[in-house]
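See below for the structure under consideration.
2 protein chains.
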Amino acid sequence: MSRNVTVADIAREAGVSMMTVSRVINHKGEVSAATRQRVQKVIDRLNYRPSGIARSLATNHSGTIGLMIPDVSNPFFAAVARGAEHVAGAEGYNIFLCNTEEDPQRELAVLHSLEEKRVDGVVVFSRLETRQLVGLLKQQPASVLINRQTSKNNNDHAIGTVRLDDVLGGQLVTRHLLDRGHRRIGFLAGPPTSHSGQARAKGYLQTMTAAGFPPDPLWVHNCAPTVEGGLASARDLLRLQPTLTALFCFNDLVAVGALQACVELGRAVPHDLAIAGYDDIPLAALVTPPLTTCRTPRYELGAQAVQLLLNRIRGCNEPCEEVVLQPELIIRASAP
Amino acid sequence: MSRNVTVADIAREAGVSMMTVSRVINHKGEVSAATRQRVQKVIDRLNYRPSGIARSLATNHSGTIGLMIPDVSNPFFAAVARGAEHVAGAEGYNIFLCNTEEDPQRELAVLHSLEEKRVDGVVVFSRLETRQLVGLLKQQPASVLINRQTSKNNNDHAIGTVRLDDVLGGQLVTRHLLDRGHRRIGFLAGPPTSHSGQARAKGYLQTMTAAGFPPDPLWVHNCAPTVEGGLASARDLLRLQPTLTALFCFNDLVAVGALQACVELGRAVPHDLAIAGYDDIPLAALVTPPLTTCRTPRYELGAQAVQLLLNRIRGCNEPCEEVVLQPELIIRASAP
DNA sequence: CTGTTAGCGCGTTCAT
DNA sequence: ATGAACGCGCTAACAG
Numbered sequence: 015m016s017r018n019v020t021v022a023d024i025a026r027e028a029g030v031s032m033m034t035v036s037r038v039i040n041h042k043g044e045v046s047a048a049t050r051q052r053v054q055k056v057i058d059r060l061n062y063r064p065s066g067i068a069r070s071l072a073t074n075h076s077g078t079i080g081l082m083i084p085d086v087s088n089p090f091f092a093a094v095a096r097g098a099e100h101v102a103g104a105e106g107y108n109i110f111l112c113n114t115e116e117d118p119q120r121e122l123a124v125l126h127s128l129e130e131k132r133v134d135g136v137v138v139f140s141r142l143e144t145r146q147l148v149g150l151l152k153q154q155p156a157s158v159l160i161n162r163q164t165s166k167n168n169n170d171h172a173i174g175t176v177r178l179d180d181v182l183g184g185q186l187v188t189r190h191l192l193d194r195g196h197r198r199i200g201f202l203a204g205p206p207t208s209h210s211g212q213a214r215a216k217g218y219l220q221t222m223t224a225a226g227f228p229p230d231p232l233w234v235h236n237c238a239p240t241v242e243g244g245l246a247s248a249r250d251l252l253r254l255q256p257t258l259t260a261l262f263c264f265n266d267l268v269a270v271g272a273l274q275a276c277v278e279l280g281r282a283v284p285h286d287l288a289i290a291g292y293d294d295i296p297l298a299a300l301v302t303p304p305l306t307t308c309r310t311p312r313y314e315l316g317a318q319a320v321q322l323l324l325n326r327i328r329g330c331n332e333p334c335e336e337v338v339l340q341p342e343l344i345i346r347a348s349a350p
Numbered sequence: 015m016s017r018n019v020t021v022a023d024i025a026r027e028a029g030v031s032m033m034t035v036s037r038v039i040n041h042k043g044e045v046s047a048a049t050r051q052r053v054q055k056v057i058d059r060l061n062y063r064p065s066g067i068a069r070s071l072a073t074n075h076s077g078t079i080g081l082m083i084p085d086v087s088n089p090f091f092a093a094v095a096r097g098a099e100h101v102a103g104a105e106g107y108n109i110f111l112c113n114t115e116e117d118p119q120r121e122l123a124v125l126h127s128l129e130e131k132r133v134d135g136v137v138v139f140s141r142l143e144t145r146q147l148v149g150l151l152k153q154q155p156a157s158v159l160i161n162r163q164t165s166k167n168n169n170d171h172a173i174g175t176v177r178l179d180d181v182l183g184g185q186l187v188t189r190h191l192l193d194r195g196h197r198r199i200g201f202l203a204g205p206p207t208s209h210s211g212q213a214r215a216k217g218y219l220q221t222m223t224a225a226g227f228p229p230d231p232l233w234v235h236n237c238a239p240t241v242e243g244g245l246a247s248a249r250d251l252l253r254l255q256p257t258l259t260a261l262f263c264f265n266d267l268v269a270v271g272a273l274q275a276c277v278e279l280g281r282a283v284p285h286d287l288a289i290a291g292y293d294d295i296p297l298a299a300l301v302t303p304p305l306t307t308c309r310t311p312r313y314e315l316g317a318q319a320v321q322l323l324l325n326r327i328r329g330c331n332e333p334c335e336e337v338v339l340q341p342e343l344i345i346r347a348s349a350p
């Protein structure tokens, strides 16, 4: 492969200075239409591509964004990534995709590598402890946290946040079940460490209590956020608490596991037990019976995160430091 | 944010030349243990991060790879992306994620932007016509095509390929159905433009014919590669060809649609009709009945693609220009 | 409207 | 084992 064409080549070939070529490329400053055309012609003829690397070095601005998530092959994060990429692409930015696999060590390594790549900012879904995370993000020129509440005292570092209103989601689902006459509602809460799970639990507890039916703590079990986790945990809970009439599950996968448990135990859904999931992943509508669930705007989560980040990068530090996205109740046959 | 720390700062602070600092960072050349430690101490104290940008400009080597796919939120490509990112990360490379949304214009724009970013290579899943695609990839320092056969006459441009053996997959599924006594096997072929669909059709036709049961062309219908597409197309096919005893579907989503059609038509699966899907997406094991399908090593597809690309980038142009990955038959209740 | 000068932060020569 | 000078390709800040 021959040496790359540079501004110098274009300038020489077109009989102008490098500066003029630069102006043509960047549509900046005034250039006479005549020279502009002449230069553009040479650029096209030589198939010239300006070096983003050199430009970045000169402008101190790379046109790249880092996206750190646990795992793209998780449908939730895949949608986030798609939203993020779409907005970034439309605004002329490229996205570095970084999976952490839930590993704190990888989180550190990723953030580190992103620093070296001199990204203009990062969008991050992290499991790190807040204190440490804030310290790391302070090293980045700009950052937005996904689905995680920043403590107010940290907003001096101007970390943006985009999150789902999981408390509301928990309320919506619980209220729906209450409205349909359920009083003994179990809760498969997901991993104890999940911020989302805690918020949904809060919505569940609040709503039950406000309605005058405070739930028995024994109706709440933690579980892995997977089909297997849901199956195992539902099996236990339904045996220990056979009088429950409804089950609110941490997410749709857990709900699918609960469905399987019901098959095992010979309990008809929704007749013997109503089941609600969370997220509305595509699978939710395809299982038997289709799941009542709470749709989370995942694509929007990524899209808005990048939008907020770009605002910050561009200096418009609007009042809007925290974006909260609303979930939507989706009623299907598993809890009609 | 204060000005970034540079080699110069470290050098001054440590009382050595920039060159020595550089040697310490890159573990190159001989540096006395004493000075190495002294320099390292300053680096740590100032929390110095070498600028990848400047380094790239100097070395003509960016440590980045472009990944162009239609859509990360498609589980197939999400798995590919994960495999790609994993290998890249392990080798110290970062990945630019680029979605094309099946839009040729976006493909051009993406490849263009990747050129400007001076990626060291690209991994590409493209819908572009071969001639044009090869022309574009020739501009990149290295490239690997996913799931697409390069015509032999183009291998002078050294475009690598990693693909699934879809013909074999078609054979495996068809043979399984034949083995279970099915003779009248329908085929929902997916979109007519799909390379994969054509290959699977080939496997199906070959196997049926070789077994002495050449299929009636009327048993083959095209369809959109979605649940809705499968539902509509299965509905039609099963009405027109009520004597079919088995259905081989383009992918698992289509197969789920076919399952729904069977519910509508009152045909029990697998008793009245056996159904096989393709891909083994997570959903496949969760529907009722669970789907017999053909597992495609999607993660491996991305992982091997990046591995091959890195080999090329590093100059080891091994004989292995084309990697073919084998699918695996997964037998479940929909076609036991 | 156009050109000149001077770096951006690093690695690669060559010296020492 | 260490250092000085130069260049990677481009743009910001000034001229003219």
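Protein chains in written order, with the numbering used here: chain P, 15 to 350; chain Y, 15 to 350.
Positions of the beta carbon are idealized from the N, C-alpha and C atoms, including for glycine.
Quantities reported herein were computed from a predicted structural model and do not represent experimental measurements.
The contact set of alanine 238 of chain P on chain Y, defined by CB atoms closer than 7 Å, is empty, because the minimum CB distance reaches about 15 Å. For valine 45 of chain P, there is no enclosing beta strand (DSSP E), as DSSP marks it with neither H nor E. Shown in chain order are the members of the region 108–125 of chain P whose Cβ falls below 9 Å from a Cβ of chain Y: Asn108, Ile109, Phe110, Leu111, Cys112, Asn113, Glu115, Arg120, Ala123, Val124. For glycine 135 of chain P, not one C-beta of chain Y is nearer than 8 Å to its own C-beta. Taking 8 Å as the cut-off, the beta carbon of leucine 261 of chain Y is found no closer than this to the beta carbon of glycine 183 of chain Y. By the rule that beta-carbons nearer than 8 Å mark a contact, aspartate 293 of chain P does not touch chain Y.
DSSP places valine 19 of chain Y in no alpha helix (DSSP H); its state is neither H nor E. If you check the CB distance, cysteine 308 of chain P and valine 268 of chain P do not come in under 8 Å. The three-state secondary structure of valine 133 of chain P, taken from DSSP, is coil. With a cutoff of 8 Å on beta-carbon distance, serine 348 of chain Y and proline 303 of chain Y are scored as near each other. With 16 or more other CB atoms across the displayed protein chains lying within 10 angstroms of its CB, valine 124 of chain Y is buried. Contact between glutamate 116 of chain Y and proline 84 of chain Y holds: their C-beta atoms lie close to 5 Å from each other, under 8 Å. Put simply, the CB of proline 89 of chain Y is near chain P, with a gap under 8 Å to one of its CB atoms. For alanine 22 of chain Y, the closest of Y:Glu44, Y:Gln51, Y:Val148, Y:Leu60 by C-alpha to C-alpha distance is Y:Leu60. For leucine 186 of chain Y against proline 341 of chain Y, the beta-carbon gap comes to about 7 Å, under 8 Å, which counts as contact. Under the 8 Å Cβ criterion, the region 40–51 of chain Y does not count as touching the region 99–111 of chain Y, having fewer than three qualifying pairs.
Of all residues in the region 17–41 of chain P, none is placed with a Cβ closer than 7 Å to any Cβ belonging to chain Y. Sequence-distant partners of proline 228 of chain Y (beyond 5 residues in either direction) whose C-beta falls short of 7 Å from its own C-beta, in its chain, are Met222. Contact between the region 262–282 of chain Y and the region 203–212 of chain Y is present: 3 or more CB-CB pairs across the two stretches fall below 8 Å. When 7 Å is used as the limit between beta carbons, aspartate 193 of chain Y is near no residue of chain P, the shortest such separation being about 29 Å. Neighbours of proline 64 of chain P across chain Y, judged by C-beta separation under 9 Å: Glu130. Among the residues of chain P, those whose CB is under 7 Å from the CB of isoleucine 67 of chain Y are Ile67, Ser70, Leu71, Ser76, Arg132, following chain order. Less than 8 Å divides the Cβ of threonine 34 of chain P from the Cβ of valine 45 of chain P.
For histidine 100 of chain P, the residues of chain Y that pass the 9 Å Cβ criterion are Asn113, Glu115, in the order they occur in the chain. One alpha carbon belongs to proline 256 of chain Y, the other to leucine 279 of chain Y, and they sit about 11 Å apart. Taking a Cβ-Cβ threshold of 8 Å, the residues of chain P close to leucine 297 of chain Y are Pro296, Leu297, Leu300, in chain order. At a beta-carbon threshold of 9 Å, the residues of chain Y lying near valine 241 of chain P are Pro296, Ala299, Leu300, ordered along the chain.
The beta carbon of leucine 287 of chain Y is closer than 8 Å to those of Leu252, Leu258, Thr259, Ala260, Leu261, Cys276, Arg281 in its chain, skipping five residues each way along the sequence. A straight-line Cα-Cα distance of about 15 Å links tryptophan 233 of chain P and arginine 214 of chain P. Under a criterion of Cβ atoms nearer than 7 Å, the residues of chain P adjacent to serine 127 of chain Y are, in order, Asn108. At least one C-beta of chain P is nearer than 8 Å to the C-beta of aspartate 85 of chain Y. Counting along the chain, asparagine 236 of chain Y sits inside no alpha helix (DSSP H), nor does DSSP assign it H or E at all.
What arginine 96 of chain Y touches in chain P, judged by beta-carbon distance under 7 Å, is Asp85, Val86, Ser87, Asn113, going in chain order. Boundaries of the alpha helix (DSSP H) around serine 247 of chain P: 241–254.
Interface residue (Cβ-Cβ distance to chain P less than 8 Å): alanine 93 of chain Y is classified as such. With a threshold of 8 Å between beta carbons, valine 283 of chain P makes no contact with chain Y.
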